[in-house]
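Going down the list, the sequences are from chains A and B.
Per my numbering, the very first residue in the first sequence carries number 1; after that it's consecutive.
Per my numbering, the very first residue in the second sequence carries number 1001; after that it's consecutive.
Each remark here refers to the structure printed beneath this line.
2 protein chains.
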Amino acid sequence: MRLAIAQINTTVGDFAGNSRKILSFAGQALRRQCDIVVYPELALPGYPPRDLVEKEDFIDANLNALDDTTRRLPSGITAVVGFIDRNPASTGKPLFNAVAVIRDGRRVSTHYKSLLPTYDVFDEGRYFEPAPRVLPAVVGGRRLGVTICEDVWNDKHFWRKRLYHHDPVERLGGEHVDLLINVSASPFSIGKLTLREQMLREIATELKAPVVYANLVGGDDCLIFDGASFVVDAAGNKIAQARDFDEDLVVCDTEEAAGDMRAVSGGEIESTYRALVLGTADYCRKNGFRKAVIGLSGGIDSALTACIAAAALGRHNVLGVTMPSRFSSPGSVDDSERLAHNLGIEIYRVPIRDLQAGYLRALVPLMKGRAPDVTEENLQARIRGNILMAISNKFGHLVLSTGNKSELAVGYCTMYGDMCGGLAVISDVPKLTVYQLANYVNREREIIPSSTISKPPSAELRPGQLDEDALPPYKVLDPIIRLYVEEDMKPSEIVSQGYDARTVEEVVRLIHRSEYKRQQAAPGLRVTSKAFGYGRRFPIAEKFHGGFPARKSAAARRGK
Amino acid sequence: MRLAIAQINTTVGDFAGNSRKILSFAGQALRRQCDIVVYPELALPGYPPRDLVEKEDFIDANLNALDDTTRRLPSGITAVVGFIDRNPASTGKPLFNAVAVIRDGRRVSTHYKSLLPTYDVFDEGRYFEPAPRVLPAVVGGRRLGVTICEDVWNDKHFWRKRLYHHDPVERLGGEHVDLLINVSASPFSIGKLTLREQMLREIATELKAPVVYANLVGGDDCLIFDGASFVVDAAGNKIAQARDFDEDLVVCDTEEAAGDMRAVSGGEIESTYRALVLGTADYCRKNGFRKAVIGLSGGIDSALTACIAAAALGRHNVLGVTMPSRFSSPGSVDDSERLAHNLGIEIYRVPIRDLQAGYLRALVPLMKGRAPDVTEENLQARIRGNILMAISNKFGHLVLSTGNKSELAVGYCTMYGDMCGGLAVISDVPKLTVYQLANYVNREREIIPSSTISKPPSAELRPGQLDEDALPPYKVLDPIIRLYVEEDMKPSEIVSQGYDARTVEEVVRLIHRSEYKRQQAAPGLRVTSKAFGYGRRFPIAEKFHGGFPARKSAAARRGK
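Dropping the structure here:
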């Protein structure tokens, strides 16, 4: 069987645009003599549509688009197209996450998703009813097992503990399928590619059938779908590979066990970088922004964000703004200007010294006699936020915020200050990874000034301030955050891995105590297995504090 | 049988505090000769614990608290206590939402929740496995049907379309129960009290058994639990009623069909007001804030917010700040001062004219020659936000934001400006309801100045600006928002109810287009059946726009 994976970049709710892509890729697949073309999950409505599916009009538009696409697909090829179906039963959730198998102008069969991920960023149990039954599609005498994303993630040989009680792949195996298709929207996270491949190789060998994995590509709000679709033969050998982080059409002949093999990113840092570029590009494009503005502090976070933005939007569409205060080091302006020069982006300079003095004057009647503290530090960050937002309002640039995951975890950031922005580009990137990405950006020539990379991290909000005055060194902080947030490890276990008990307690307390800041953060691109944002849902008012006894909270470090 | 409902106000993760309340109320119930005392849902861990339940330590602490509470509960009374249990099976979700029936120092039986709400603000399918079976508890020879919240919300006689395939109450009915207990955490929304009562009266008559409804009371982040627990006899007659919006212990004798009957709020406006006061009080208390600061504009939203804050925290703990700009009417300061005087709160005045001029000077090199627009309007709002945050940072007051639901729906608000704050007190209150609440506040004497109530709504960010220049009149806007957001009605249906088609389209487009602002809004107290916030999950990047064809977006009105 000769098949194509149409790895397209859909947009939620863009039925006309998604349908055009489906038709165009079907045409290409037909020209390459394919029997079947397979698209990613929910190709017609886009993924994830979230609560839009609760709108009757949205479901109607998706069904109308399916009818229209069915009529307009070329004859002579079978298309496997994701859509949302209604559940006519009087009990249960009202919708199905569905796939239509379409041939010669009509829908041959319809298949529903059995396993509905309801964890992390996934809310499918909120909307969808699981498939009442699982049957293969029969196309040209072949039996195709059609599964949707999570359906292949419950293999009893692969997982020690399973979230679901049955395995649709096992059921399809009992029906003797010639080929297993998986229609996916599996978001990128560091290391996930390998996991997917291992799992599907194992399934192929169990089923003794080739497996076609068609994944979505593109950024949708916080999520980045990496594509990297592939086909493995019945022995688990990869026989086709699509590009990652880009649209692609790959063709594969399962009888000949041969297909298109594209190169993919060379490692975790390269793939993280490309994920961030795609996520930024798509967030801007899908929201109608061509240009972005970034506050440049001279530090590594804003420098990296500017590089990602320039790669995503083109250097002419990125504006840097340096906003020195009386505490800024001379290096902060020089380094920002050097970065802008190296990168080829425009840079403005808006000193904030007078505004800072103006606020202090205005607040004198209230605050006279009080020692300077975090208040004055936050004011500077907020003045800068206001200036960036004014530029955004006047010229239509999207503000990109520049905070990293380490800061956001422990609340070392100012609400309405450096947290301002439409998209938080690196808010799921730990500080140590920021350094690795900066070195990756500089792999051929110096773009981020070496002085930016080598200087000790500082918020420069008071004289001589360094991050390490308030926080543990990042080589200690980052792994503690990873173990607590991504691995959900107990603090006592983290200590038993060799970290200082008091430091672990302090970091865990800070993570809990900063939840209120994160709930007002800009959407951030997700690149780890657990990002802050809607995939991590914590209460603000809670007295658990990671299991440590209650105590009077220390003064907030930055922000309130 | 003589039973008590212990309607307690728990705090998430405060195992020691929640346990103390459980023990104290058990003592009171025993002194009043009760056989049974029933607590709200998840009484030990607090509700909703959200992703805290994914922390092993949290589950351990809850199980330890259960053991400890079991040992310390007085003998001679049966306690029905909510907790979280582990699911030992190798498939399925790892936890159960559970209830322990405890008597004389040991757990007599354990009961699990069958129906797990996974919609709106509820995410229980994310964590919990449904009960594998449903059996009555046997206490002193009586058979008690123990259900948890949603378990009673799937009655086939009451609902036309049901979310779940089976009905645990029906199953318990088949086991002949003498009494049905429902352990709940049902959040307040306008009109819900009546619905609950109707539903449980019907269930009582079907079962031919009394029903005990023990509801949580208190504010937990966005949610306000109203309490108002009650008991109905086998004929559906109410025989006990607890207070709303306050802790309570009510006692009831099911044989004598008589019990404590407390007064509850007299109508929707009174109950909404009391909900907002409780929500504000508990958000502050559970997060360790004693004092609040509010920007007073002279308008009705900030005036109402100040009144709620004074009722919640005491007037000495509320600080008003008036921040006149060059566009503020003289009335805006006078009215704010009169409000502060009537309410007995302190008020500061921080003029922002100079700061406004300072920003414009700083931005001249970038913006010269550009006509004033929304940029300059937003700057004023953001200067005010900065000042409030500076006061918060310096003195530890929580900033309460004052925007209403109508503004938030259509994005008529400034990010990092008037949207600044730790809690958005009235962000789920439509503007017309704000007026009703203001009149309620003034029911005995004028607290909110009549000039504040009678003046046409204005943001006062440019000369002569009125809300109605940019938006439809609130008497048109509010119902359109309600029908689209709360009722999920199609735009075409809204038009068929008599609203102008162009106005409906404009409002629906604005609702979709403003999603990015709402995702950075402060948590807001929920008082309607559908609040913005984590119960309403929309994508930002989407091209559905409520089903209207794509078009170039109009200039943002306020904020970006």
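C-beta: ideal position from N, C-alpha, C; glycine also.
Note that this is a predicted model, so its numbers are computed, not measured.
Quick check: what's the CA-CA separation for residue i versus residue j?
i          : j          : result
Gly1236(B) : Asp85(A)   : 40 Å
Ile1022(B) : His512(A)  : 26 Å
Met259(A)  : Ala100(A)  : Looking at the sequence shown, residue 259(A) is not Met but Gly. Each residue's Cα considered, the two are about 25 Å apart.
Leu944(B)  : His166(A)  : Coverage of chain B is limited to positions 1001 through 1560, which leaves residue 944(B) absent and any answer about it impossible.
Glu505(A)  : Val1425(B) : 33 Å
Ser336(A)  : Pro1187(B) : 51 Å
His1397(B) : Gly1422(B) : 10 Å
Val1485(B) : Phe1025(B) : 40 Å
Glu1124(B) : Leu116(A)  : 14 Å
Glu1476(B) : Lys1291(B) : Per the sequence shown, residue 1476(B) should be read as Val rather than Glu. Looking at the two C-alpha atoms, the distance is approximately 37 Å.
Leu63(A)   : Gly1546(B) : 16 Å
Gly1092(B) : Cys420(A)  : 40 Å
Gly173(A)  : Ser90(A)   : 31 Å
Lys1156(B) : Val1138(B) : 26 Å
Arg32(A)   : Lys208(A)  : 27 Å
Ile1391(B) : Asp488(A)  : 36 Å
Pro457(A)  : Gly417(A)  : 18 Å
Gly559(A)  : Arg171(A)  : In this prediction, Gly559(A) has a pLDDT of 42, which is less than 50 and means its spatial position is unreliable; nothing more can be read from the coordinates.
Leu343(A)  : Cys307(A)  : 7 Å
Apart from the five residues just before and just after residue i, which ones in its own chain have a Cβ nearer than 8 Å to its Cβ?
i          : result
Gly1331(B) : Gly1298, Ser1451 and Lys1455
Ala185(A)  : Pro40, Glu41, Leu42, Tyr47, Pro48, Cys149, Asn215, Leu216 and Phe225
Tyr1534(B) : Val1121 and Cys1222
Gly219(A)  : Phe225, Leu278, Gly279, Thr280, Ala281, Asp282, Tyr283, Lys286 and Leu525
Pro372(A)  : Arg462
Phe1327(B) : Gln1380, Glu1460, Leu1461, Arg1462, Pro1463 and Gln1465
Val1053(B) : Pro1045, Ile1059, Ile1084, Leu1095 and Tyr1127
Gln1519(B) : Ile1540
Checking the sheet assignment: what are the DSSP bridge partners for residue i?
i          : result
Ile347(A)  : Gly320(A)
Asp85(A)   : Phe96(A)
Asp1120(B) : None, per the DSSP bridge assignment.
Cys252(A)  : Leu3(A) and Gly259(A)
Ala1079(B) : Val1037(B) and Ile1102(B)
Phe128(A)  : Leu95(A)
Gly1267(B) : Answer by DSSP bridge pairing: none, since Gly1267(B) is not bridged.
Tyr273(A)  : Bridge partners of Tyr273(A): none, in fact.
Lys1110(B) : The sequence given here has Thr at residue 1110(B), not Lys. Looking at the DSSP assignment, Thr1110(B) forms a beta bridge with Ala1100(B).
Sorted by chain position, which residues of the same chain lie with C-beta nearer than 7 Å to residue i's C-beta, five sequence neighbours on each side aside?
i          : result
Ser1114(B) : Pro1130, Ala1131, Val1134, Asp1151 and Pro1168
Val1232(B) : Leu1200, Arg1201, Ala1204, Pro1210, Val1211, Lys1238 and Ile1239
Leu355(A)  : Ile383
Leu1030(B) : Pro1074, Gly1076 and Ile1077
Lys543(A)  : Ala550
For residue i, which residues in the same chain have their Cβ closer than 6 Å to its Cβ, ignoring the five residues on either side in sequence?
i          : result
Arg285(A)  : none
Ala312(A)  : Val277, Thr280 and Ala281
Pro430(A)  : Lys405, Ser406 and Asp478
Ser265(A)  : Asp244, Ser271 and Arg274
Ala1257(B) : Asp1233 and Ile1239
Pro1472(B) : Thr1503
So, under 8 Å CB-CB, residue i and residue j are touching, yes? Tell me the CB distance rounded to an integer number of Å.
i          : j          : result
Ala242(A)  : Gln7(A)    : 5 Å
Ser75(A)   : Asp57(A)   : So it is not a contact: roughly 31 Å between Cβ atoms.
Val318(A)  : Val399(A)  : Not really, about 12 Å apart at Cβ, beyond 8 Å.
Ile1347(B) : Thr1375(B) : In fact, because the Cβ distance is near 29 Å, the residues do not count as touching under 8 Å.
Arg2(A)    : Asp35(A)   : 5 Å
Thr414(A)  : Gly295(A)  : Between Gly295(A) and Thr414(A) the Cβ distance is about 12 Å, and since that is not below 8 Å, they are no contact.
Ser1514(B) : Val1410(B) : 6 Å
Val1508(B) : Phe1548(B) : 7 Å
Ile447(A)  : Ile300(A)  : The Cβ separation is near 12 Å, so there is no contact.
Ser1189(B) : Ser1529(B) : 5 Å
Fully enclosed by the stretch 1160 to 1247 of chain B, which alpha helix (DSSP H) runs are 4 residues long or longer? Within the stretch 1160 to 1247 of chain B, the complete alpha helix (DSSP H) segments at least 4 residues long are 1168 to 1174 and 1192 to 1207, listed from N- to C-terminus.
Which ranges does the alpha helix (DSSP H) cover as unbroken runs of at least 4 residues, wholly within the stretch 1454 to 1527 of chain B, from first to last along the chain? Entirely contained in the stretch 1454 to 1527 of chain B, the alpha helix (DSSP H) runs reaching 4 residues are, in chain order, 1467 to 1470, 1474 to 1481, 1491 to 1496, 1501 to 1513 and 1515 to 1518.
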